[in-house]
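Colleague: First residue of the sequence shown? That's 1 in UniProt numbering, and the numbers climb one at a time after it. In this text, a Cβ means the ideal position worked out from N, Cα and C, and glycines have one as well. Treat the numbers as computed from the prediction; the structure is a model and nothing was measured.
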Amino acid sequence: MSIFEYKAIDINTKELKGSIESSTLKSARRKLREKGLTIVDIHQVHHYAFNFKNIQISRLSKSDLVVFTRQLSSLLLATIPIDEALRTIAKNNSKKHLKRTITQIAVSLSEGHSLAKSFERNIPALPAYYVSTVEAGERSGELGGVLEFLANQIEREYRFKQKITTALIYPAMVSLIAFSVVVALLVFAVPQIVSVFADVKQELPPLTIFIINLSDFLANNFLYLALTFLAILLILNYALKFDSVRLKLHTFLGKTPIIGKIMIEASAIHFARIFALLHASGSSILVTLKNASDGLNYLPMRDAINQATIKVTQGSSLFLALSENKALPPMTLYMLASGEASGKLSEMLQKVADNQEYELDNYTSKVVSMFEPLMILLMGGLVLVIVLAILLPIFEINQISL
Numbered sequence: 001m002s003i004f005e006y007k008a009i010d011i012n013t014k015e016l017k018g019s020i021e022s023s024t025l026k027s028a029r030r031k032l033r034e035k036g037l038t039i040v041d042i043h044q045v046h047h048y049a050f051n052f053k054n055i056q057i058s059r060l061s062k063s064d065l066v067v068f069t070r071q072l073s074s075l076l077l078a079t080i081p082i083d084e085a086l087r088t089i090a091k092n093n094s095k096k097h098l099k100r101t102i103t104q105i106a107v108s109l110s111e112g113h114s115l116a117k118s119f120e121r122n123i124p125a126l127p128a129y130y131v132s133t134v135e136a137g138e139r140s141g142e143l144g145g146v147l148e149f150l151a152n153q154i155e156r157e158y159r160f161k162q163k164i165t166t167a168l169i170y171p172a173m174v175s176l177i178a179f180s181v182v183v184a185l186l187v188f189a190v191p192q193i194v195s196v197f198a199d200v201k202q203e204l205p206p207l208t209i210f211i212i213n214l215s216d217f218l219a220n221n222f223l224y225l226a227l228t229f230l231a232i233l234l235i236l237n238y239a240l241k242f243d244s245v246r247l248k249l250h251t252f253l254g255k256t257p258i259i260g261k262i263m264i265e266a267s268a269i270h271f272a273r274i275f276a277l278l279h280a281s282g283s284s285i286l287v288t289l290k291n292a293s294d295g296l297n298y299l300p301m302r303d304a305i306n307q308a309t310i311k312v313t314q315g316s317s318l319f320l321a322l323s324e325n326k327a328l329p330p331m332t333l334y335m336l337a338s339g340e341a342s343g344k345l346s347e348m349l350q351k352v353a354d355n356q357e358y359e360l361d362n363y364t365s366k367v368v369s370m371f372e373p374l375m376i377l378l379m380g381g382l383v384l385v386i387v388l389a390i391l392l393p394i395f396e397i398n399q400i401s402l
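1) Give me, in chain order, the residues of the same chain whose beta-carbon lies closer than 8 Å to that of L185; leave out the 5 immediate sequence neighbours on both sides.
2) Kindly indicate if chain C contains any beta-carbon less than 9 Å away from that of E157.
3) Taking the C-alpha atoms as reference points, what is the distance between I169 and A78?
4) Residues in its own chain within less than 6 Å of I102 by CB, not counting five upstream and five downstream?
5) Can you find the residues in the same chain that come closer than 6 Å, C-beta to C-beta, to Y158, ignoring five residues on each side of it along the sequence?
6) Name the DSSP beta bridge partners of I42, please?
7) Any chance you could list the alpha helix (DSSP H) runs of at least 4 consecutive residues sitting entirely within the stretch 206-261, in chain order?
8) Taking DSSP's pairing of strands, which residues face S19 in a bridge?
9) Looking only at C-alpha atoms, which of L289, P257, L391 sits nearest to V312?
10) Considering just the uninterrupted stretch of the alpha helix (DSSP H) at G144, what are its terminal residues?
11) Helix, strand or coil for K95 per DSSP?
12) Could you compute how far the alpha carbon of N213 sits from the alpha carbon of A219?
13) Excluding the 5 residues flanking R302 on each side, which residues of the same chain have their C-beta closer than 7 Å to its C-beta?
14) Assuming A116 and S283 make a contact with CB atoms under 8 Å, what is their CB distance in whole Å?
15) Starting from P191, follow the alpha helix (DSSP H) in both directions and report where the run begins and ends.
16) Taking DSSP as the reference, what is the three-state secondary structure of H324?
17) Where does E203 fall in DSSP's three states?
18) Roughly how many angstroms separate the alpha carbons of P300 and T256, rounded to a whole number?
19) For S132, which residues of its own chain have a beta-carbon under 7 Å away from its beta-carbon, when the five flanking residues on both sides are left out?
20) Pop quiz: L207 and L392 are said to be a contact at Cβ under 8 Å. What is the actual Cβ separation, rounded to whole angstroms?
21) Between which two residues does the alpha helix (DSSP H) carrying G339 extend?
22) Within the continuous alpha helix (DSSP H) that includes Q69, where are the two ends?
23) Buried or exposed: where does Q56 fall if 16 or more other Cβ atoms within 10 Å of its Cβ makes it buried?
24) Taking S180 as the reference, which of F222, L320, G18, A151 has the closest Cα?
25) Three-state secondary structure (DSSP) at K366?
26) Does at least one heavy atom of the ligand MG sit under 8 Å from the Cβ of L328?
27) Kindly confirm or deny that the stretch 348-359 and the stretch 254-274 touch, where touching means at least three C-beta pairs closer than 8 Å.
28) Report back the beta-carbon spacing between A341 and K326 to the nearest angstrom; my notes put them in contact at under 8 Å.
29) Where A337 and Y6 are concerned, what is the direct C-alpha to C-alpha distance, given to the nearest angstrom?
30) Alpha carbon to alpha carbon, how far is A266 from L147?
31) Looking only at its own chain, which residues have a Cβ that is under 8 Å from the Cβ of E359, when we skip the five neighbours before and after it?
32) Using only the alpha-carbon positions, how far apart do A389 and Y224 sit?
33) Between L247 and the rest of its own chain, which residues show a CB-CB distance below 8 Å, the 5 nearest in sequence each way excluded?
34) Would a C-beta distance cut-off of 9 Å place A167 and T364 closer than the cut-off?
35) Excluding sequence positions up to five away, which residues of its chain have a Cβ less than 6 Å from the Cβ of I11?
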């Protein structure tokens, strides 16, 4: 398929500019004439094939999505027509995959689809709440303001996720490095050092015997252990594709002291932000609940909110439905109840999301700061055990010789 840019005049002698998707120039001209347009100029600007490669390239990162949404919002708030705004962004964008995606959105828009539908068709893996928010903005006639609010929310959520990810990756990397150092000592250093005890006809200390046996086991079975570890990772990766397995894992992790708190609080913050965004944009409670819960990675909370949604459809209030299922942390539920009673639901949820994000950021910082000295102590303790296992026989040999 090819994309053609055109200039044309409609039945009211108004000049129009746009783009259209078609297989050939002839079919593109026919489509424009069927719309009652008189073609002034038309030329091909892009050709693409619908295949897996293009789908992958068209996938936008969070940062790309934020920049594009903010640019489109600024142009619309400046009263620039949406088709012209899209062409302007595409022409001034240096990223080929983003330029192609924006061009495809403009084509879809010129074919009569809504902006929300055009986004959904041409941006793979686009969050459902994004489409719903754009739909609400189109209905309200405040699309520019809604897109600006949407860009701010996506950016805040992206930065928050980056903080949490960084906080969790650091302890994992330190643990991996510490584990690798200990294994390297046992596999490579210990055998060479303890080989001097081979000719000594003296009973070795129990600690030394244990370290030598552990070292021999790791050295002789290292390849098998590595393959077994890799196999376990592959099996886990496959098993986690099933929601039933992920639900059990998330339920277990949610009960752990540190990881559980981070998972639950982060999911509650995400829910509160998306709910506030959609509700402020004019979406109905049911649509807002569905899209806010669909974006949750923590399955127990998502399932509880989905059950609460059913109760809302049966006439229950939002607070009662969510509190009965214990779908959200107490503070989020309290602020939600206050917002529902005062008619300021979006403001209250936005406020609780800000407060919880601040608290969770402080909590993760404290966890990381506590983890570092603990890992140093653990690493030092393991190395000390290995060193003692090596030195004890030497001390005993020296005592005998004296």
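Modeller: Inspection of the coordinates gives the following:
1) Taking the first residue of the sequence shown as position 1, residue 185 is located at position 185. Taken in chain order, the residues that qualify are V383, I386.
2) This model lacks chain C altogether, as it is built from one protein chain only.
3) As a position in the sequence shown, residue 169 is number 169, starting the count at 1. As a position in the sequence shown, residue 78 is number 78, starting the count at 1. Their backbone Cα atoms lie some 42 Å apart in a straight line.
4) For the purposes of this step, residue 102 is identified with residue 102 of the sequence shown, where counting begins at 1. So the qualifying residues of the chain are L86, I89, A90.
5) Within the sequence shown, numbered from 1, the residue matching residue 158 stands at position 158. Result list for Y158: K62, in chain order.
6) The count along the sequence shown starts at 1 and reaches residue 42 at position 42. According to DSSP, I42 bridges with Y6.
7) 206-239, 243-254
8) One-based indexing of the sequence shown puts residue 19 at position 19. Partner(s): E5.
9) Here residue 312 refers to the residue found at position 312 when the sequence shown is read from its first residue. Among L289, P257, L391, the Cα nearest to that of V312 is on L289.
10) Start at 1 with the first residue of the sequence shown, and residue 144 comes out as number 144. It spans 143-184 - the alpha helix (DSSP H) in which G144 sits, taken as one unbroken run.
11) Along the sequence shown, read from residue 1 onward, the residue named residue 95 stands at position 95. Coil, per DSSP.
12) Counting from 1 along the sequence shown, the entry for residue 213 is found at position 213. Counting from 1 along the sequence shown, the entry for residue 219 is found at position 219. Each residue's alpha carbon lies about 10 Å from the other.
13) Locating residue 302 in the sequence shown gives position 302, counting from the first residue. Within the same chain, R302 has close Cβ partners S293, L296.
14) As a position in the sequence shown, residue 116 is number 116, starting the count at 1. As a position in the sequence shown, residue 283 is number 283, starting the count at 1. Not a contact, Cβ separation roughly 11 Å.
15) Stepping through the sequence shown from its first residue, residue 191 is reached at position 191. Looking at the DSSP string, the run of the alpha helix (DSSP H) that includes P191 is 190-194.
16) Residue 324 sits at position 324 when you count from the first residue of the sequence shown. The sequence shown places Glu at residue 324, rather than the His named in the question. In this structure, E324 counts as helix in the three-state DSSP scheme.
17) The residue you call residue 203 lines up with position 203 of the sequence shown. Coil.
18) The residue you call residue 300 lines up with position 300 of the sequence shown. The residue you call residue 256 lines up with position 256 of the sequence shown. Cα-Cα distance, rounded: 14 Å.
19) If you number the sequence shown from 1, residue 132 lands on position 132. Closer than 7 Å at Cβ, skipping near neighbours: L278, S283, V287, N291.
20) Your numbering for residue 207 matches position 207 in the sequence shown. Your numbering for residue 392 matches position 392 in the sequence shown. Yes, they are in contact, since the Cβ atoms of L207 and L392 sit about 6 Å apart, within 8 Å.
21) On the sequence shown, position 339 is the one that residue 339 refers to. Unbroken alpha helix (DSSP H) run through G339: 330-342.
22) To locate residue 69, count along the sequence shown from 1; it is residue 69. Strictly speaking, residue 69 in this sequence is Thr, with Gln absent from that position. First-last of the alpha helix (DSSP H) with T69: 62-77.
23) As a first step, residue 56 is located in the sequence shown; it is residue number 56 there, counting from the start. Here the model assigns Q56 a pLDDT of 41, short of 50, so the residue's position is not dependable, and the following value carries that caveat. Classification of Q56: exposed, given that the 10 Å Cβ count is below 16.
24) In the sequence shown, counting from the first residue as 1, residue 180 sits at position 180. It is F222 whose Cα lies nearest to the Cα of S180.
25) Residue 366 sits at position 366 when you count from the first residue of the sequence shown. Helix at K366.
26) Inclusion of the ligand MG in the displayed structure is not the case, the ligand content being empty and no account of it being possible.
27) yes
28) Reading the sequence shown from its first residue, position 341 is the one you call residue 341. Reading the sequence shown from its first residue, position 326 is the one you call residue 326. With a Cβ gap of about 20 Å, A341 and K326 do not count as contacting.
29) Position 337 of the sequence shown, counted from the start, is the residue given in the question as residue 337. Position 6 of the sequence shown, counted from the start, is the residue given in the question as residue 6. Roughly 53 Å separates the two Cα atoms.
30) By one-based count along the sequence shown, residue 266 stands at place 266. By one-based count along the sequence shown, residue 147 stands at place 147. So the two alpha carbons sit approximately 24 Å from each other.
31) As a first step, residue 359 is located in the sequence shown; it is residue number 359 there, counting from the start. Only E265 meet the Cβ criterion.
32) Reading the sequence shown from its first residue, position 389 is the one you call residue 389. Reading the sequence shown from its first residue, position 224 is the one you call residue 224. Answer to the nearest angstrom: the Cα atoms are 26 Å apart.
33) Numbered from 1 along the sequence shown, position 247 holds the residue referred to as residue 247. Cβ within range, chain order: L299, P300, D303.
34) Here residue 167 is taken as the residue at index 167 of the sequence shown, counted from 1. Here residue 364 is taken as the residue at index 364 of the sequence shown, counted from 1. Yes. Within cutoff.
35) In the sequence shown, residue 11 corresponds to position 11, counting from 1. Same-chain partners within the cutoff: G36.
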